[in-house]
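By the working numbering, the letter at position 350 of the sequence shown is numbered 375, and the numbering carries on one by one without gaps.
We put the CB at the ideal spot given by N, CA and C, even for glycine.
In this text the structure is predicted, and so the values were computed from the model without any measurement.
Data first, discussion second: the structure below is written as structure tokens.
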Amino acid sequence: MNISSYMPARVINSRDCVTNSAGVFSSFGKKCLIVTSGSAAKKSGALSDTQKALENAGVEYEIFDSITENPLTSDCFKAGEKARNISADFIIGIGGGSPLDASKAAAIYASNKDMHETDIYSRSGCNAPLPVILIGTTAGTGSEVTGVSVLTNSETGCKKSISGPDCYAKVSFCDSKYTFSVPYSVTVSSGLDAFAHCVESYFAKNSNELSVMYAKRGIELLWKNLVMFYNEKRLPTECERDELYTASLLGGLAINITGTCFPHTVGYVLTEDFGIPHGRACTAFMNEYVSLAVKYEKEKADEFFRVINSDRDTFERIINSLTDVKIKMSEEEIDSYSKRWVNGVKNFERTPGNFTHETARAILKKFL
Numbered sequence: 026m027n028i029s030s031y032m033p034a035r036v037i038n039s040r041d042c043v044t045n046s047a048g049v050f051s052s053f054g055k056k057c058l059i060v061t062s063g064s065a066a067k068k069s070g071a072l073s074d075t076q077k078a079l080e081n082a083g084v085e086y087e088i089f090d091s092i093t094e095n096p097l098t099s100d101c102f103k104a105g106e107k108a109r110n111i112s113a114d115f116i117i118g119i120g121g122g123s124p125l126d127a128s129k130a131a132a133i134y135a136s137n138k139d140m141h142e143t144d145i146y147s148r149s150g151c152n153a154p155l156p157v158i159l160i161g162t163t164a165g166t167g168s169e170v171t172g173v174s175v176l177t178n179s180e181t182g183c184k185k186s187i188s189g190p191d192c193y194a195k196v197s198f199c200d201s202k203y204t205f206s207v208p209y210s211v212t213v214s215s216g217l218d219a220f221a222h223c224v225e226s227y228f229a230k231n232s233n234e235l236s237v238m239y240a241k242r243g244i245e246l247l248w249k250n251l252v253m254f255y256n257e258k259r260l261p262t263e264c265e266r267d268e269l270y271t272a273s274l275l276g277g278l279a280i281n282i283t284g285t286c287f288p289h290t291v292g293y294v295l296t297e298d299f300g301i302p303h304g305r306a307c308t309a310f311m312n313e314y315v316s317l318a319v320k321y322e323k324e325k326a327d328e329f330f331r332v333i334n335s336d337r338d339t340f341e342r343i344i345n346s347l348t349d350v351k352i353k354m355s356e357e358e359i360d361s362y363s364k365r366w367v368n369g370v371k372n373f374e375r376t377p378g379n380f381t382h383e384t385a386r387a388i389l390k391k392f393l
């Protein structure tokens, strides 16, 4: 029996958990840096709740709100530098996947003043990062429970993840009410991201009983809401928001064990060069991924379609409609992308079958 897992973050998952947990913040020190984007943290109410909790706890804070979608290493570096300059004891990340991932990177930069911006990808011999507290505002990333941070190298423009024990939050506050203000298009894209996490983990070669359990429950919750998006094209109710957020955490727990597979890696290029939101970029390759699963993991694939109570044609139609990716690539672009993966990629190795850079190249030519 293989049920190994590792997830040291403390998760506090309840309504109003931020405002009711002032003592948690003060336990990490007397001053912090809040890392977030421009407006989402304010609109959701998460920023004001956090400020009140910090003030009640007697914790001083400053705000760095320059994190953009697909966070740049340069901005994370600046956030880390600011945390160091104000002598912050810890960092709070508020937002969707971008601010949460950026907070993890900023914490590493903050405690390593001699680190060059791109050294974060190796981190050999670096100091332990500042403690990080995360407060999620979207239902998709799963970053609250993973030891992963996806960053865009500001020198090359390429997305690449970092991972390890130093990329876990110390505490994650998970309150789905902060997702209530998320607009429809972002809600759908975030849901697709979480769905990609669950499906990729479910079929991954290195899946185990625990990851499969997380993934199956996440798939079940997400699929019913994706069908709702497809049929009704409306915002979720509060109950449905709760389901989506729970499923995003389950997806994070699943990939925390297995990692993601080829759709995430190949999807990066759609975000980098074509501006496709991350969730939709991943599910652009979902049907091809499931085709590999049907071929190499038939028993699991049969169970997958039982879980979603759907046939393959319906599944593909709904995913294609919600993903809605229509772009063109040149042969030169495809060749350039495939060369990035020629030396092997862990995400490819975890994919069912014998997936290589040539397989990825063929998929890009076939679909794009």
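In this structure, the beta-carbon distance from Ile116 to Val196 does not fall below 7 Å. Annotation: the continuous beta strand (DSSP E) that includes Tyr86 extends over Glu85 to Phe89. Inter-residue distance for Trp248 and His141 is about 42 Å (C-alpha atoms, whole angstroms). Segment contact: the stretch 255-268 against the stretch 143-156, fewer than three CB-CB distances shorter than 8 Å; contact not assigned. Taking a cut-off of 8 Å on C-beta distances, the stretch 66-76 does not touch the stretch 100-107, as fewer than three cross pairs fall below it.
In this structure, Val207 is the residue among Ser214, Glu180, Gln76 and Val207 with its C-alpha nearest to the C-alpha of Ala65. When the alpha-carbon of Glu225 is set against those of Thr212, Leu317, Ala78 and Tyr134, the nearest one is in Leu317. In this structure, Ala132 places its C-beta atom within 7 Å of the C-beta atom of Leu155. Put simply, of Asn281, Cys264 and Phe205 the residue whose alpha carbon is nearest the alpha carbon of Leu235 is Asn281. Scanning the stretch 63-122 from its first residue to its last, the whole alpha helix (DSSP H) runs of 4-plus residues come out as 65-69, 71-82 and 98-110.
Beta-bridge partners assigned by DSSP to Arg386: none are found.
Burial is judged here by how many other beta carbons sit within 10 angstroms of a residue's own beta carbon; Val157 has at least 16 and is buried.
Nearest C-alpha to Gly369 among Val291, Asp90 and Val332: Val291. Counting C-beta atoms within 10 angstroms of its own C-beta, Thr285 has 16 or more neighbours from the protein chains shown and is therefore classed as buried. Residue state for Gly378 is assigned as coil, using DSSP reduced to three classes.
A direct Cα-to-Cα measurement between Phe380 and Ser62 gives close to 36 Å.
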